[in-house]
Amino acid sequence: MPNSHPPVTLPGTEVRLLHSATVDQEYKVFVSFPSGYAGSEARYPVLYVTDANWLFSSFLRLHSLSIPPMIIVGIGYPTNNSAEIFRVRARDFLPTKNKEDEKIVKEAYEMSIESGGGRQFLSFIRNELFPFINDQYRTQPNNRAFFGWSYGGTFGLYTLFNKPDTFNRYILSAPDLGWDNGLCFQYEEQYAAEQSDLPVKLFLGVGSLDEDVIINRNVSTLFRFHAILKSREYAGLDMSLKIFEGETHSSAVVPTASWGLRAVFG
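The numbering used here numbers the first residue of the sequence shown as 4 and each following residue consecutively.
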């Protein structure tokens, strides 16, 4: 009987529940520690990973890469219901409400989403999650990286151009650049009108088979976005883009994380 077996636990990890007053949502926070954490007094950079219900276990093997030891924090939800996760992740990651795009997604995936809660989710991360993690664990508070996939990548770009100091390293896998009529292009244009520097490390990754997605063409659109950023010549921006041949929207996540971590911490 499936229910007779104990849940799987991952060595060197903790799971905490954190209620956000801002979002009015309880989050399941996964925390993984580098080797030697318990016997050390050292402080470590932190990698924050969205979609932790689906992605967190894939990141644990990345501790062995030639990158600095780090704490990995996964942001997830206290449910195993995929439809519910699909709904609330969109609410959290997408900064604007767009009913037409919501309808397109529902027709394509036969699952409903909400949208428009990105500002509140960002406030949760900055004002509730960061203080909690910095209080509970030995972090380097000003050395933070972010990983986001799909809508999580869209949220990463929203954060980058609205509160760029939230993280100093961004790894984004197949960000949805078509949401709300190319919203992220608008955010970048507004940022460029006021700022000439962008002191972050940014890695963009996408699978070559990810050209046909529901709302946009991820490969060509990401190429266009990368070209615009490059043309700005932002002071301090260290950016790279990689297309992973033969990979899809989902299968490009792990290679993007692997290459991206080495790029932004290299």
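We treat Cβ as the ideally placed atom computed from N, Cα and C, and that holds for glycine.
Thinking just about the alpha-carbon of each residue, which of the options is nearest to the one in residue i?
| i | options | result |
| --- | --- | --- |
| Ile-174 | Leu-207, Ala-196, Ser-199 and Gln-198 | Leu-207 |
| Val-222 | Leu-212, Ala-230 and Ile-231 | Leu-212 |
| Ala-55 | Leu-160, Glu-44, Thr-16 and Ser-38 | Thr-16 |
| Asn-165 | Gln-189, Glu-131 and His-252 | Gln-189 |
| Ile-136 | Leu-20, Trp-262 and Ala-255 | Leu-20 |
| Gly-119 | His-22, Val-32 and Arg-90 | Arg-90 |
Mapping the DSSP letters down to three states, classify residue i as helix, strand or coil.
| i | result |
| --- | --- |
| Thr-157 | helix |
| Gln-198 | coil |
| Tyr-30 | strand |
| Ala-260 | helix |
| Tyr-40 | coil |
| Ala-148 | strand |
| Ser-176 | strand |
| Ala-230 | helix |
| Thr-16 | strand |
Taking the Cβ atom as the reference point for each residue, do residue i and residue j lie within a distance shorter than 8 Å?
| i | j | result |
| --- | --- | --- |
| Arg-172 | Arg-46 | no |
| Ser-35 | Leu-58 | no |
| Val-257 | Ser-61 | yes |
| Leu-264 | Ile-70 | yes |
| Trp-182 | Leu-97 | yes |
| Ser-23 | Phe-133 | no |
In angstroms with no decimal places, state the Cα-to-Cα distance between residue i and residue j.
| i | j | result |
| --- | --- | --- |
| Glu-248 | Thr-259 | 12 Å |
| Gly-79 | Glu-29 | 9 Å |
| Leu-160 | Arg-92 | 16 Å |
| Gly-151 | Ile-75 | 13 Å |
| Thr-251 | Asp-179 | 14 Å |
| Val-32 | Phe-124 | 14 Å |
Unbroken stretches of the alpha helix (DSSP H), 4 residues or longer, contained in the region 49-99: Correct list: 55-63 and 85-96.
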